[in-house]
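Its first residue numbered 73, the sequence shown is counted upward by one per residue in our numbering. Positions of the beta carbon are idealized from the N, C-alpha and C atoms, including for glycine. What follows is a short report on a single structure.
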Amino acid sequence: MSPHLTPIVSIVAGICVLIFPHLLNYVVAIYLILTGVLALVK
Numbered sequence: 073m074s075p076h077l078t079p080i081v082s083i084v085a086g087i088c089v090l091i092f093p094h095l096l097n098y099v100v101a102i103y104l105i106l107t108g109v110l111a112l113v114k
């Protein structure tokens, strides 16, 4: 996996929260899962 993927995921998650604030819990959960998986894959 690319080391530049985590910041991109962060930006996309932030934009999703700004556009759809009611999705905050899901966006945070998905972000945490993705960053954890990326950390394990490295």
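When burial is assigned at 16 or more other CB atoms within 10 Å of the CB, is residue i buried or exposed?
| i | result |
| --- | --- |
| A85 | buried |
Do you know how far the Cα of residue j is from the Cα of residue i?
| i | j | result |
| --- | --- | --- |
| L90 | V99 | 11 Å |
| K114 | I87 | 26 Å |
| L95 | P79 | 20 Å |
| F92 | Y103 | 15 Å |
Secondary structure at residue i, three-state DSSP: helix, strand or coil?
| i | result |
| --- | --- |
| H76 | coil |
Return yes when the Cβ of residue j is within less than 8 Å of the Cβ of residue i, no when it is not.
| i | j | result |
| --- | --- | --- |
| L112 | L77 | no |
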